[in-house]
Amino acid sequence: MAAMLAEPPGTLEGSGASLAEWRRPGLVGQLEGWSPHSGLTGWACPWPLQPDATPLRLQLVLDDLLDPGQRRLIAEVMAAQARPDLLALGIEQPCGFRFWWGPSHPLPAYSQGLVLRVRVEASGTELPGSPMRLDADTYGQIDQQRQHGPVREGAFTQLQAPLLHGWGRGPEPLLLRLDGDTTLPVAPPEPLPEGPWPFQLQLPTALADGSIHHLQLETAAGQVLDQRFELLPFHLTPWAALQQHARPPFPDELAPLARERYRSLRTWLAWADAHGTPLPAELPLLQRLLEHPLPRGTSNQEPGPDGGAVPRKPLHLPIAADPLVSIVIPVHNQYGVTRRCLAAIAYAPTRVPFEVLVVDDGSTDGTAEALAAEAPGVRVIHHDFARGFNQACCSGAAAARAPVLVLLNNDTEPCATWLEELLDPFERWPDTGMVGAQLLYTDGTLQEAGGIVWGNGEPWNYGRGGNPHDPRMAYGRQVDYVSAAALAIRRELWNGLGGFSPEFSPAYYEDTDLAFKVRQAGHTVRYAPLARVIHHEGLSCGTDTGASTGLKRFQAVNGPLFQQKWAGAFEASGEPSHAGAEAIKDRGILGRALFLDQETPRPDRDAGSHAALVEIELLQALGWKVTLLPLNLAWLANYSDALQRRGIECLHAPFVLSLEQVLAERGGEFDLIYLTRHTVAAPALPLIQRHAPQARLLFCNADLHHLRQLRAARAEGLDGDAGRRALEAVEEVKRQELAVMRQVDLTFSYSDVERAVIEAETLGEAATAPCPWVVHGPETPAPLEGRSGLAFLGSYGHPPNRDAVDAFLLQVWPELQRRRPDLRLHLYGSGLEAGLAARWGAEAGVVVEGWVADPATVYARHRVFVAPLRSGAGLKGKVVAAAAHGLPQVLSPLAAEATGLRHRQEVLIARSPDDWCQAVLQLVDDDDAWRAMAAAAFAYARATWSRECGLALMADALDRLQLPHREPSP
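Everything in the sequence shown is counted per our numbering, starting at 9 for the first residue and increasing by one.
Structure follows, in structure tokens:
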């Protein structure tokens, strides 16, 4: 999809215009033309006019009239932008479009026969005004824009509230539009300089309200030059000054870490709403303790609700009788800091059962007594004299009862679900030996995103001072070491390694040394980016390494000792540098792959997303780091978090703004580029050839789109002009798909049938390989008892699924209802429009369930799964998943294609309405037949779509590409 701007795409000339000249079968619209300032503009909507009609999807196609075989799909756009100028014609719905040629859009060499066509994707109908001839001047303007972006007469540069900075060009004044309404003039200076001129505007105080506002720079004629959304504060007082000079309660929503505090509160409330989880009884007290500055001194009082001094109250942490985690906190004096840490542990939501052990390392400020009185349930281990951080941690670990140790500095604040995130790598990667948190400074910047040890033995906190949301810092990975300020390790491994080495007493380098011992023992050290912990660095041990007293001085003392001990283990590297850190930060990998897709995978929404994650995970298991770039550049909250948790680097806006930017900046680092779908691959290939010619290209088209379209046309029974247009569209898609396959090194396909088609159509020029598919089912299928009804599951944004349900309800369901009035058909899946859901739900016996978070519940709940597909191609993920859950199925021949599932063995295959009725009723009525088929399908799925088989297929593909990989292992 082309990037769109928000302003109206064009203006309809002539208020007395009639719709008659712009009507075509099924639509009304116009291709208005092209200009360097406006791009390609037009409008289109279904005819007859319907206010709530679905926007039309349009295809932009370049034809060469002098060479009819040269046809290229440039982009697909939605006609869905506001066009208030069309209201006079009775057109109320947003139906405009605007297209800017970008670097990822193909542009063939100039020819006098070049024309641009805009047509409706579904019908092939061209808009009035199409085709548009591209003369030499227009072609040159398009080429200029494609390389350098739209011609601009001004832009914003920066906001330093309340001052907005930018630039303009030329003698015409500009306008600043605020929230789509208020405008401020931006006058050029006098005398007018040559080239751009700067401007500075003070924003109205009405906008200084702490909310997000839309700022838009326009020409006097209304052309949009730049726009952005900005959070405009209602004060400029620093947070630290507010804490020092204002009275509580403090406006915590203004704190640099407000996002983390809100995330904790939101999580508690979500758990209470969904599961009845009780909120912490002392939540108001915990909030108050965390919003105040860190306490200093030894007073037994603390600020109360109004800021006045009040006696300290006990903190009741949810200590577990049978803990999974032992949190060990070494402390020396500064009880107020320790109390705040305990409050943060209680404030941070977690479902992990834990115990807390505070090691009082010779404190003289009454720490032990205060803990006994104010922290019931917290176990206190007391040292008569200060032995240092190293030995304090060892004492706490020796007294721990849980299988996992978590070492935690007392000057830290854990954030929501921190323990779940620290434990996740142990479950996800069994070779994990130690895990470290993402450490944040109190201003929200990074302290550490995993550690690097350079070839000279110098350790680095990777990401220090950076943005914790930067994709480079925000994914799990193997690292050299992690900080003991917040780390997790299995107690058995800790004991086996002897804990912290005593030679690094009293403190510093003990965590780096432990990490190297963990790796020497054959385990990995990993960084968990979603385990966020705020670190008030320096409160425990100071910050001056040159001081003559205090523990910080041992950082300089123990450095040479560490370097001497582990000199043989350091991996060769250049001189320490930020650029060099990017090259070595990912440990334990054999290669780097860039994975290109249109969108971020959402595996609970469609089978294509499941397939993408399977292929990424297999690459990772074979030793590859994967960087994912969704071309829509969207960050999708929980979906993106889940990918980063898996160790996938997820690129997204605003950190990257285009594929060309990524390839221009990082193309040289990728050994493999994995392309999905021909619509993604076609515009990407020229950029890859320019910026990453060394990369091997692996292409997965999911299915043959032209075969799917051909089957859809046949299922609809199209003939005449409609049939001809449909076949032309099939030919165009086939040409595009095969063109991509000829340019890549290897094409994946899930289907033997489709691989044969590809090899025949390209005369063997396109190399193909079977694409792995892995499905995870239960160890034992759910029993027959308690099941009822039929089920279908699919993404209804995919036309074959809508067609399948429509055909089934028309041709099969009435007879099934006549024979079994009590039978129910349950329809599950995402992307179901309200009108379609209402129409299907009006059928007797049909229950429209909609999207379901866990598809496994569908397969365990119902008696028979049906897949009456009449069009489509490739492997059907829903069919594979049903088999893996031991759910008997009735399938159309097309649904069974590529699966290998056999009629009357693992499934029943129905070819006519009568076949469907007989097959469904057999599985509904015959318990023995049901159990036999469930067992056969379950066994077949485990043998065919296992992870072992998937790893072998992916390894074979890498071998064919002459790329390295680990030996496949379960």
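C-beta atoms are modelled at their ideal positions from N, C-alpha and C, and glycine is treated no differently. Treat the numbers as computed from the prediction; the structure is a model and nothing was measured.
From the DSSP output, in three-state form, read off glycine 616 for me.
By 1-based counting over the sequence shown, the position of residue 616 is 608. Reduced to three states, the DSSP call for glycine 616 is helix.
Through-space distance from tryptophan 205 to aspartate 145, alpha-carbon basis
As a first step, residue 145 must be located in the sequence shown, where it is residue number 137. As a first step, residue 205 must be located in the sequence shown, where it is residue number 197. Each residue's Cα considered, the two are about 29 Å apart.
My output table needs one value for methionine 86: the three-state DSSP class, helix, strand or coil.
As a first step, residue 86 is located in the sequence shown; it is residue number 78 there, counting from the start. The answer is strand: DSSP assigns methionine 86 an E or B state.
Is it buried or exposed, glutamate 518, if we count other Cβ atoms within 10 angstroms and call 16 or more buried?
Counting from one through the sequence shown, the residue named residue 518 turns up at place 510. Glutamate 518 is buried by the Cβ-count criterion.
For proline 357, which residues of its own chain have a beta-carbon under 8 Å away from its beta-carbon, when the five flanking residues on both sides are left out?
Along the sequence shown, read from residue 1 onward, the residue named residue 357 stands at position 349. For proline 357, same chain residues with a beta-carbon under 8 Å away, outside a window of 5 residues either side, are Ser272, Thr275, Trp276, Trp279, Ala424 and Thr425 in chain order.
DSSP-derived helix/strand/coil call for threonine 608
As a first step, residue 608 is located in the sequence shown; it is residue number 600 there, counting from the start. In the structure shown, threonine 608 sits in coil (DSSP, three-state: anything other than H, G, I, E or B).
Which whole-angstrom value describes the C-beta separation of glycine 441 and valine 533, a residue pair presumed to lie in contact below a C-beta threshold of 8 Å?
As a position in the sequence shown, residue 441 is number 433, starting the count at 1. As a position in the sequence shown, residue 533 is number 525, starting the count at 1. The Cβ separation is near 6 Å, so the contact holds.
Can you say whether glutamate 29 is buried or exposed, counting buried as having 16 or more other CB atoms within 10 angstroms of its CB?
In the sequence shown, the residue the question calls residue 29 occupies position 21. Its Cβ having fewer than 16 others within 10 Å, glutamate 29 is exposed.
Pull up the distance between the alpha-carbon of glutamate 310 and that of histidine 660, whole angstroms please.
In the sequence shown, residue 310 corresponds to position 302, counting from 1. In the sequence shown, residue 660 corresponds to position 652, counting from 1. Rounded to whole angstroms, glutamate 310 to histidine 660 spans 44 Å at the Cα level.
Would you list, in sequence order, the uninterrupted beta strand (DSSP E) runs of no fewer than 3 residues that lie entirely inside the segment 371 to 453?
List check, beta strand (DSSP E) in window: 387 to 391, 412 to 416, 420 to 422 and 440 to 448.
How far does the beta strand (DSSP E) with leucine 754 in it reach, from first residue to last?
Within the sequence shown, residue 754 is the residue found at index 746, counting from 1. Start and end: 754 to 757.
Buried or exposed: isoleucine 220, going by 16 or more other Cβ atoms within 10 Å of its Cβ?
Position 212 of the sequence shown holds residue 220. Isoleucine 220 comes out exposed.
Give me the Cα-Cα distance between alanine 965 and phenylalanine 800, rounded to the nearest whole angstrom.
Mapped onto the sequence shown, residue 965 falls at position 957. Mapped onto the sequence shown, residue 800 falls at position 792. One C-alpha to the other measures close to 34 Å.
Tell me which same chain residues have a C-beta within less than 7 Å of the C-beta of glutamate 333, skipping the five on either side of it?
Taking the first residue of the sequence shown as position 1, residue 333 is located at position 325. For the sequence presented, residue 333 should be read as valine rather than glutamate. Here the set comprises Val360, Phe362, Ala410, Val412, Val414 and Leu427.
Got a sec? Which residues, its chain only, sit under 8 Å from threonine 453 by beta carbon, not counting five neighbours each side?
Along the sequence shown, read from residue 1 onward, the residue named residue 453 stands at position 445. Cβ neighbours of threonine 453 beyond the five flanking positions: Gly473, Gly474, Asn475 and Pro476.
With which residues is threonine 227 paired in a DSSP beta bridge?
For the purposes of this step, residue 227 is identified with residue 219 of the sequence shown, where counting begins at 1. Threonine 227 is bridged to Leu182.
Between threonine 1 and the rest of its own chain, which residues show a CB-CB distance below 6 Å, the 5 nearest in sequence each way excluded?
Any answer about residue 1 is impossible in this case: the structure gives the chain only from 9 up to 978.
From arginine 8 to lysine 884, what does the alpha carbon distance come to, in whole angstroms?
Outside the modelled stretch of the chain, which goes from 9 to 978, sits residue 8, for which no answer is possible.
Would you call threonine 372 buried or exposed, if buried means 16 or more other Cβ atoms sit within 10 Å of its Cβ?
The residue you call residue 372 lines up with position 364 of the sequence shown. It is exposed - the Cβ of threonine 372 has fewer than 16 other Cβ atoms within 10 Å.
Rounding to the nearest angstrom, what Cα-Cα distance links alanine 555 and histidine 544 in this structure?
One-based indexing of the sequence shown puts residue 555 at position 547. One-based indexing of the sequence shown puts residue 544 at position 536. Confidence is the limiting factor: at alanine 555 the pLDDT is only 49, short of 50, which leaves the residue's position unreliable and the question unanswerable from this model.
Out of Gly802, Val854 and Arg826, state which residue places its alpha-carbon closest to the alpha-carbon of tyrosine 836.
Against the sequence shown, residue 836 aligns to sequence position 828. Among Gly802, Val854 and Arg826, the Cα nearest to that of tyrosine 836 belongs to Gly802.
Rounding to the nearest angstrom, what Cα-Cα distance links arginine 974 and aspartate 488 in this structure?
In the sequence shown, residue 974 corresponds to position 966, counting from 1. In the sequence shown, residue 488 corresponds to position 480, counting from 1. Spanning the two alpha carbons is a distance of roughly 20 Å.
From valine 194 to glutamate 202, what distance separates their C-alpha atoms?
The count along the sequence shown starts at 1 and reaches residue 194 at position 186. The count along the sequence shown starts at 1 and reaches residue 202 at position 194. Distance between the alpha carbons of valine 194 and glutamate 202 is about 17 Å.
Just verifying my parser: in three-state terms, what is the DSSP assignment at proline 170?
One-based indexing of the sequence shown puts residue 170 at position 162. For proline 170, the three-state secondary structure derived from DSSP is coil.
Could you name the residues of the same chain whose beta carbon sits closer than 8 Å to that of glycine 631, not counting the 5 residues immediately before and after it, in chain order?
Start at 1 with the first residue of the sequence shown, and residue 631 comes out as number 623. For glycine 631, where only same-chain residues beyond five positions count, the Cβ hits under 8 Å are Gly596, Ile597, Leu598, Gly599, Pro972, His973 and Arg974.
Applying the 10 Å Cβ sphere with the 16-neighbour rule, what's the burial state of glutamate 511?
Taking the first residue of the sequence shown as position 1, residue 511 is located at position 503. Burial call: exposed.
Cβ-based burial, glutamate 583 [other Cβ within 10 Å; buried from 16]
By one-based count along the sequence shown, residue 583 stands at place 575. Exposed is the call here.
Enclosing alpha helix (DSSP H) for asparagine 469 [first to last residue]:
For the purposes of this step, residue 469 is taken as the residue at position 461 of the sequence shown. Asparagine 469 -> not in any alpha helix (DSSP H); beta strand (DSSP E) instead, spanning 467 to 469.
Where does threonine 687 land, buried or exposed, given buried means 16+ other C-beta within 10 angstroms?
Here residue 687 corresponds to residue number 679 of the sequence shown, with the count starting at 1. Threonine 687 comes out buried.
For glycine 121, which residues in the same chain have their Cβ closer than 6 Å to its Cβ, ignoring the five residues on either side in sequence?
Locating residue 121 in the sequence shown gives position 113, counting from the first residue. Result list for glycine 121: Asp72, Leu73 and Leu74, in chain order.
Residues of its chain near arginine 154, where Cβ-Cβ distance is below 8 Å and the 5 sequence neighbours each way are ignored:
For the purposes of this step, residue 154 is taken as the residue at position 146 of the sequence shown. Trp109, Gly110, Pro111, His113 and Leu115.
Give me, in chain order, the residues of the same chain whose beta-carbon lies closer than 8 Å to that of phenylalanine 242; leave out the 5 immediate sequence neighbours on both sides.
Along the sequence shown, one-based indexing puts residue 242 at 234. Contacts found: Ala216, Asp217 and Gly218.
Taking 8 Å as the cut-off, does the segment 925 to 945 touch the segment 783 to 794 (at least 3 CB pairs, one atom from each stretch)?
yes
Distance, Cα to Cα, alanine 329 vs leucine 430?
For the purposes of this step, residue 329 is taken as residue 321 along the sequence shown, with counting starting at 1. For the purposes of this step, residue 430 is taken as residue 422 along the sequence shown, with counting starting at 1. Here the alpha carbons of leucine 430 and alanine 329 stand approximately 21 Å from one another.
Extract the residue ranges of the alpha helix (DSSP H) inside the segment 818 to 895, only unbroken runs of 4 or more that lie entirely within it.
Entirely contained in the segment 818 to 895, the alpha helix (DSSP H) runs reaching 4 residues are, in chain order, 821 to 827, 842 to 849, 864 to 869 and 885 to 892.
Quick check: the segment 717 to 725 against the segment 746 to 759, are at least 3 beta-carbon pairs closer than 8 Å?
no
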